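Numbering (my numbering), first residue to last: 1 to 63. Note that beta-carbon positions come from the ideal geometry of N, C-alpha and C, so glycine has one too. Quick caveat, the model's predicted, so the values are computed rather than measured. Taking it in order: structure first as structure tokens, then the write-up.
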């Protein structure tokens, strides 16, 4: 199964990190941290990312 990186998912769905961070209710610094360290994203945020972007959790690259 093809896995997509978080930055690709963000730009495909929201076109900018700012719009994504506002939709998630987190700072842009947090989004940058997630992109650099996808393994440190908490489960509740992974579910929210999946719901906001319509990308199944299994397709989000978390390593």
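Exposure label - residue i; buried when at least 16 CB within 10 Å
| i | result |
| --- | --- |
| residue 57 | exposed |
| residue 5 | exposed |
| residue 29 | exposed |
Whole-angstrom distance between residue j and residue i, CA atom to CA atom
| i | j | result |
| --- | --- | --- |
| residue 120 | residue 10 | Nothing can be reported for residue 120: it is not among the residues displayed for the chain, which extend from 1 to 63. |
| residue 48 | residue 41 | 11 Å |
| residue 33 | residue 22 | 15 Å |
| residue 14 | residue 63 | 22 Å |
Residue i CB to nearest heavy atom of the ligand ADP below 7 Å
| i | result |
| --- | --- |
| residue 28 | Among the ligands in the structure shown, none appear at all, so the ligand ADP cannot be discussed. |
Whether residue i touches residue j by CB criterion (8 Å)
| i | j | result |
| --- | --- | --- |
| residue 3 | residue 60 | yes |
Beta-bridge partners of residue i, as assigned by DSSP
| i | result |
| --- | --- |
| residue 60 | 4 |
What ranges does the alpha helix (DSSP H) occupy inside the stretch 12–48, keeping only unbroken runs of at least 4 residues that lie completely in it? Listed in chain order, the complete alpha helix (DSSP H) runs (minimum 4 residues) inside the stretch 12–48 are 17–24, 28–36.
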